[in-house]
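Q:
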Amino acid sequence: MRAATQVFEGGFADSVLGSQEIFRALMDAMANPGRIVSVGDLAQAPSPLTPVAASIAATLFDHDATVWCDKPIKASEAALGWLKFHTGLELTNDPAGADFALVTDIDNMPSFDAFAKGTSEYPDRSTTIILQVAGFEAQTSLTLEGPGIKGTQAFSPSQLPRMFTEQWAANRGAFPRGIDLIFAGNGLLAALPRTTRILNKEA
Amino acid sequence: MTELATYNFAYLDEQTKRMIRRAILKAIAIPGYQVPFASREMPMPYGWGTGGVQVTAAIIGPNDTLKVIDQGADDTTNAVSIRAFFQKVANVPVTTKTTEATIIQTRHRIPETALQAGQTLVYQVPIPEPLRFLEPRETETRKMHALEEYGLMHVKLYEDIARHGHIATTYAYPVKVEGRYVMDPSPTPKFDNPKMHNSPALQLFGAGREKRIYAIPPYTQVVSLDFEDHPFEVQTFSQPCALCAAKGSYLDEVILDDKGGSMFVCSDTDFCEERQAAGHRGHLSPAQAEAAE
Amino acid sequence: MYVAVKGGEAAIRNAHKLLADRRRGDRSVPAIGLDQIVEQLALAVDRVMAEGSLYDAELAALAVKQARGDMIEAIFLVRAYRTTLPRFGYTKPVETSQMMIERRISATFKDLPGGQLLGPTFDYTHRLLDPELAEDMPVEMPDKRVEAHEHTPRVTDILGHDGMIEADGDMPDGSEIGDLTREPLTFPLERDLRLQALARGDEGFLLGLAYSTQRGYARSHPFAGEIRIGEVEVELEVAELDFPLTLGRIRLTECQMVNQFKGSSKQPPQFTRGYGLVFGQSERKSMSMALCDRALRARELGEDITAAAQDEEFVISHSDNVQSTGFVEHLKLPHYVDFQAELDLVRRMRGEHENQKSQIKEAAE
Numbered sequence: 001m002r003a004a005t006q007v008f009e010g011g012f013a014d015s016v017l018g019s020q021e022i023f024r025a026l027m028d029a030m031a032n033p034g035r036i037v038s039v040g041d042l043a044q045a046p047s048p049l050t051p052v053a054a055s056i057a058a059t060l061f062d063h064d065a066t067v068w069c070d071k072p073i074k075a076s077e078a079a080l081g082w083l084k085f086h087t088g089l090e091l092t093n094d095p096a097g098a099d100f101a102l103v104t105d106i107d108n109m110p111s112f113d114a115f116a117k118g119t120s121e122y123p124d125r126s127t128t129i130i131l132q133v134a135g136f137e138a139q140t141s142l143t144l145e146g147p148g149i150k151g152t153q154a155f156s157p158s159q160l161p162r163m164f165t166e167q168w169a170a171n172r173g174a175f176p177r178g179i180d181l182i183f184a185g186n187g188l189l190a191a192l193p194r195t196t197r198i199l200n201k202e203a
Numbered sequence: 204m205t206e207l208a209t210y211n212f213a214y215l216d217e218q219t220k221r222m223i224r225r226a227i228l229k230a231i232a233i234p235g236y237q238v239p240f241a242s243r244e245m246p247m248p249y250g251w252g253t254g255g256v257q258v259t260a261a262i263i264g265p266n267d268t269l270k271v272i273d274q275g276a277d278d279t280t281n282a283v284s285i286r287a288f289f290q291k292v293a294n295v296p297v298t299t300k301t302t303e304a305t306i307i308q309t310r311h312r313i314p315e316t317a318l319q320a321g322q323t324l325v326y327q328v329p330i331p332e333p334l335r336f337l338e339p340r341e342t343e344t345r346k347m348h349a350l351e352e353y354g355l356m357h358v359k360l361y362e363d364i365a366r367h368g369h370i371a372t373t374y375a376y377p378v379k380v381e382g383r384y385v386m387d388p389s390p391t392p393k394f395d396n397p398k399m400h401n402s403p404a405l406q407l408f409g410a411g412r413e414k415r416i417y418a419i420p421p422y423t424q425v426v427s428l429d430f431e432d433h434p435f436e437v438q439t440f441s442q443p444c445a446l447c448a449a450k451g452s453y454l455d456e457v458i459l460d461d462k463g464g465s466m467f468v469c470s471d472t473d474f475c476e477e478r479q480a481a482g483h484r485g486h487l488s489p490a491q492a493e494a495a496e
Numbered sequence: 497m498y499v500a501v502k503g504g505e506a507a508i509r510n511a512h513k514l515l516a517d518r519r520r521g522d523r524s525v526p527a528i529g530l531d532q533i534v535e536q537l538a539l540a541v542d543r544v545m546a547e548g549s550l551y552d553a554e555l556a557a558l559a560v561k562q563a564r565g566d567m568i569e570a571i572f573l574v575r576a577y578r579t580t581l582p583r584f585g586y587t588k589p590v591e592t593s594q595m596m597i598e599r600r601i602s603a604t605f606k607d608l609p610g611g612q613l614l615g616p617t618f619d620y621t622h623r624l625l626d627p628e629l630a631e632d633m634p635v636e637m638p639d640k641r642v643e644a645h646e647h648t649p650r651v652t653d654i655l656g657h658d659g660m661i662e663a664d665g666d667m668p669d670g671s672e673i674g675d676l677t678r679e680p681l682t683f684p685l686e687r688d689l690r691l692q693a694l695a696r697g698d699e700g701f702l703l704g705l706a707y708s709t710q711r712g713y714a715r716s717h718p719f720a721g722e723i724r725i726g727e728v729e730v731e732l733e734v735a736e737l738d739f740p741l742t743l744g745r746i747r748l749t750e751c752q753m754v755n756q757f758k759g760s761s762k763q764p765p766q767f768t769r770g771y772g773l774v775f776g777q778s779e780r781k782s783m784s785m786a787l788c789d790r791a792l793r794a795r796e797l798g799e800d801i802t803a804a805a806q807d808e809e810f811v812i813s814h815s816d817n818v819q820s821t822g823f824v825e826h827l828k829l830p831h832y833v834d835f836q837a838e839l840d841l842v843r844r845m846r847g848e849h850e851n852q853k854s855q856i857k858e859a860a861e
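Residue numbers (our numbering), protein chains in the order written: chain E, 1 to 203; chain F, 204 to 496; chain P, 497 to 861.
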């Protein structure tokens, strides 16, 4: 019973304006890699989904979007039910066939290679991976450069996939093919499009 | 009888907006690459800005201020019509001032006033494929982009030089974005090309009939194609604007009589009016004429 | 003294007012009603429904009225409305073999099960203007069929029994039927999307292309296997019900062309198909569509692509009259910024030309 209530509640109070606000934050983030954009907690979904991740899902997913979810989401009937009810998304078990991937357990996620990179003729047919992170105040900081960045940009997400700099360099090397990342934090979001380069930290 | 149609905020239904929004995010991630999207029929004809209108409708919100220009002017009929459309379906504030706008939808010009970070310029694009007039087939041009095979474009430009002594392309002059994709900047005069380079604003391009969206993120390298012995150069005008005396703005020629009489005035009406308001006077400005009387 | 042209808004307002006036015309003439358009200009309504891809006779009639009888403008109005409509589901494919037939002819067999039914056709009318129609003269009621309608199998099904004609094509495994109004087209296309594009395509454009195939530009030896016009039921499968829900009936025109046979050492020869299906009553459109469909199957059938009608990118990219009219007519929009750029270049080049000429002249003197 409780699970059912959780599934049906927590969508955008105003789906038109809510998704517009989240999209503009995403567009701002994607156009300015590493920029931390604050958003309201517009949607509320069952654990393990955070409000920002849920809001992004409600903004971008529908039955024309194929989505891969990681284990903790798949293990939660309530979270999956929420996504299905509020977005109508098309679920897939094959990360290489996903338009989006929703990741809550970053340490155990598949490598970037497992996801769709698009083809050289259609590099847009690639996976956008949404990483759920605690925040953007980690001790270590990445220095970013590339389109959307004036000079360089510091970026300190609280969690990163394993071997991130190596994986990211390989992703950058496959350009124009490649995956793009969206970071969903606590009331904040950020993005790294495939064009962004990570500068080697100075010794 | 079917009930009187009611339309969503910004006209497009939410599913269409999501589809366009997903395409916009991909377009930003792959600068200069044309993302196919399922363009919809709009209540204005294809070729009249349906791509730009769909992009604007997908991004616009109640906190935006919209400016619409055609040929640089806010009061050309198609600009008026598109502005009125958004006032009606999105009820957003509109402006003619470049500096006040958060979203500027444009056909054929980039404003003279430098754009700022946080602004989004939405271009209406008729033919998004820069290689289209060299190769009419989409299946072929797509391969050429995939293989980064742009030799044909250089050959075309060089043939111009051989025949005319100049590169004969004066508008829709191709650019290379971030060293990878050759891109059509829409039919803006090549005068505007340098404004695209390293712009602090986000530039989005919508081609409705051809069903493509592409983008240039802020601070992105945009280089006009050229040759060492024939470097890219923009149009220059031999005289300043007749109304505001601006030098270095793009001018329209206005025919005054049928005996060859003409004057040159800024095509960017907001830029020209702002300058006149600040006291700049050209040799034919109304205020100048009054002073002389 | 020069004053920049202003007042676009007022100009547009006034132009629209004048348009409304011209649309209404002489006020002493009674306004035409939508019911009159639906009933008496039914084929115009059918074309707007077909190319507008929206089966709603009253809306189509409204569009015809609003467009002052300009068919492409009316189609555009319907399309722009259609695109805003939400999708509730997809119906089952309509079963044209179960059609309530009003007209059915075959050019390939003299007689066949179900017979030949001429129906309401212009064929065999003498095209003499009828002055009586200028008045509202009483019109006789038509004779009605008394006996129950016998089963009318499709000619292609009859031919298909002994393999004389290829089977209806199958889509590749796992593929879903496409919808070009929801996804961007990616060339090359499968036949489903091609047929959708042709069904929405401009009647005149397809007619011209179809005609070109008859004149040797991709000749396909067509026979009008069958044309049938009538009503079919539209059914929707609903998850909660174990039988399909009937939504209503729509009138369709279906054309099955029987074309040039093919065969190989492995396969005995058999005829090939071209298919046309259109909302409402339009034989011309459905026949043109069937000829174009057959021509566009050149790649699939291993034929040389030599003619315009076989060129998928060419045909499909230019068959939509709403797209075509928009882009052709957009040349009305101001282009003076670009024209200025061209003017500037041509002036400069003419100047250089003059200089060169005078230099040559000086050198010669």
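Using N, Cα and C, we set each Cβ at its ideal position, and we do this for glycine too.
Are the C-beta of residue 354 (chain F) and some C-beta of chain E separated by less than 9 Å?
A: no
Q: Got a sec, what are the start and stop residues for the alpha helix (DSSP H) residue 852 (chain P) sits in?
A: 832–860 is the span of the alpha helix (DSSP H), which, as asked, contains residue 852 (chain P).
Q: When burial is assigned at 16 or more other CB atoms within 10 Å of the CB, is residue 501 (chain P) buried or exposed?
A: Low per-residue confidence applies at residue 501 (chain P): pLDDT is 49, beneath 50, and the placement is therefore not dependable enough to give any value.
Q: Looking only at DSSP bridge pairs, what is residue 748 (chain P) linked to?
A: P:726 and P:775
Q: By the criterion of Cβ-Cβ separation under 7 Å, what are the contact partners of residue 222 (chain F) in chain E?
A: 64
Q: Considering Cα atoms alone, identify which of P:778, P:525 and P:816 is closest to residue 726 (chain P).
A: P:778
Q: Beta carbons nearer than 7 Å to chain E: which residues of the region 212–245 of chain F have them?
A: 212, 217, 218, 221, 222, 224, 225, 227, 228, 229, 231, 232, 233, 234, 236 and 238
Q: Quick one: list the residues of chain P neighbouring residue 371 (chain F), beta-carbon separation under 7 Å, in chain order.
A: For residue 371 (chain F), the neighbours in chain P by C-beta distance under 7 Å run, in chain order, 841.
Q: Does the CB of residue 9 (chain E) have a neighbour CB from chain F at under 9 Å?
A: The beta carbon of residue 9 (chain E) sits no closer than 9 Å to any beta carbon of chain F.
Q: Considering only residues of the same chain and omitting the five flanking positions on each side of residue 56 (chain E), which have a CB-CB separation below 8 Å?
A: 22, 26, 130, 182, 184 and 189
Q: Measuring alpha carbon to alpha carbon, tell me which of E:158, E:149, E:92 and E:34 ends up nearest residue 204 (chain E).
A: One cannot answer for residue 204 (chain E) here, as it falls past the ends of chain E, which runs 1 to 203.
Q: Distance cutoff 9 Å, beta carbons only. Does residue 300 (chain F) sit that close to anything in chain P?
A: So, not an interface residue.
Q: Tell me, please, whether the CB atom of residue 832 (chain P) is closer than 9 Å to any CB atom in chain F?
A: yes
Q: Interface residues of chain E around residue 379 (chain F) at Cβ under 9 Å?
A: Per Cβ cutoff of 9 Å: no residues; residue 379 (chain F) is ~13 Å from chain E at best.
Q: Between which two residues does the alpha helix (DSSP H) harbouring residue 499 (chain F) extend?
A: Residue 499 (chain F) falls outside the range modelled here, since chain F spans only 204 to 496, and no answer is possible.
Q: Against residue 396 (chain F), what residues of chain P qualify as contacts under a CB-to-CB distance less than 8 Å, listed in chain order?
A: Residues of chain P passing the Cβ test: none, with the nearest at roughly 11 Å.
Q: Beta-carbon within less than 7 Å of residue 168 (chain E)'s beta-carbon, same chain only, minus the 5 sequence neighbours each way: which residues are those?
A: 198
Q: Could you tell me if residue 231 (chain F) is buried or exposed, where buried requires 16 or more neighbouring beta carbons within 10 angstroms of its beta carbon?
A: It counts as buried.
Q: Residues of chain F with a CB under 9 Å from the CB of residue 793 (chain P): which are they?
A: Under the 9 Å cutoff, chain F gives no residues; its nearest Cβ is about 18 Å from residue 793 (chain P).
Q: Among F:461, F:449, F:250 and F:474, which has the Cα closest to the Cα of residue 487 (chain F)?
A: F:449
Q: Would you mind telling me which residues of chain F sit closer than 8 Å to residue 845 (chain P), beta carbon to beta carbon, in chain order?
A: 367, 368 and 369
Q: Thinking residue 263 (chain F) and residue 295 (chain F) are a contact (beta carbons under 8 Å), I'd like their distance in whole angstroms, please.
A: 6 Å
Q: Which residues in the same chain have their Cβ closer than 8 Å to the Cβ of residue 748 (chain P), if we skip the five residues on either side of it in sequence?
A: 590, 592, 595, 725, 726, 727, 728, 773, 774, 775 and 776
Q: Residues of the region 11–24 of chain E with a CB closer than 8 Å to any CB of chain F: list them in chain order, please.
A: 15, 16, 17, 19, 20, 21, 23 and 24
Q: Pair every Cβ in the region 323–332 of chain F with every Cβ in the region 249–258 of chain F, then say whether three or more of these pairs are closer than 8 Å.
A: yes
Q: Cβ closer than 7 Å: which chain P residues qualify as neighbours of residue 281 (chain F)?
A: 829
Q: Write down every uninterrupted run of the alpha helix (DSSP H) in the region 209–236 of chain F whose length is 4 residues or greater and which is fully enclosed by it, in chain order.
A: 217–232
Q: Candidates P:614, P:665 and P:633: which alpha carbon is nearest residue 641 (chain P)'s?
A: P:614
Q: Output the distance between the C-alpha atoms of residue 732 (chain P) and residue 530 (chain P), rounded to the nearest integer angstrom.
A: 29 Å
Q: Just checking my contact of residue 373 (chain F) with residue 841 (chain P) at CB under 8 Å: how many whole Å lie between their CB atoms?
A: 5 Å
Q: Verify whether the separation of the beta carbon atoms of residue 43 (chain E) and residue 79 (chain E) is less than 9 Å.
A: no
Q: With a cut-off of 9 Å, does the C-beta of residue 42 (chain E) fall near any C-beta of chain F?
A: For residue 42 (chain E), the nearest beta carbon of chain F is not closer than 9 Å to its own beta carbon.
Q: If you check the beta carbons only, do residue 288 (chain F) and residue 246 (chain F) fall under 9 Å apart?
A: yes
Q: Report the partner residues of residue 374 (chain F) according to the DSSP bridge assignment.
A: F:392
Q: Starting from the C-beta of residue 812 (chain P), find all residues in its chain whose C-beta is less than 6 Å away, skip the five residues before and the five after it, and write them out in chain order.
A: Cβ within range, chain order: 693.
Q: Could you give the first and the last residue of the continuous alpha helix (DSSP H) run that contains residue 654 (chain P)?
A: 651–657
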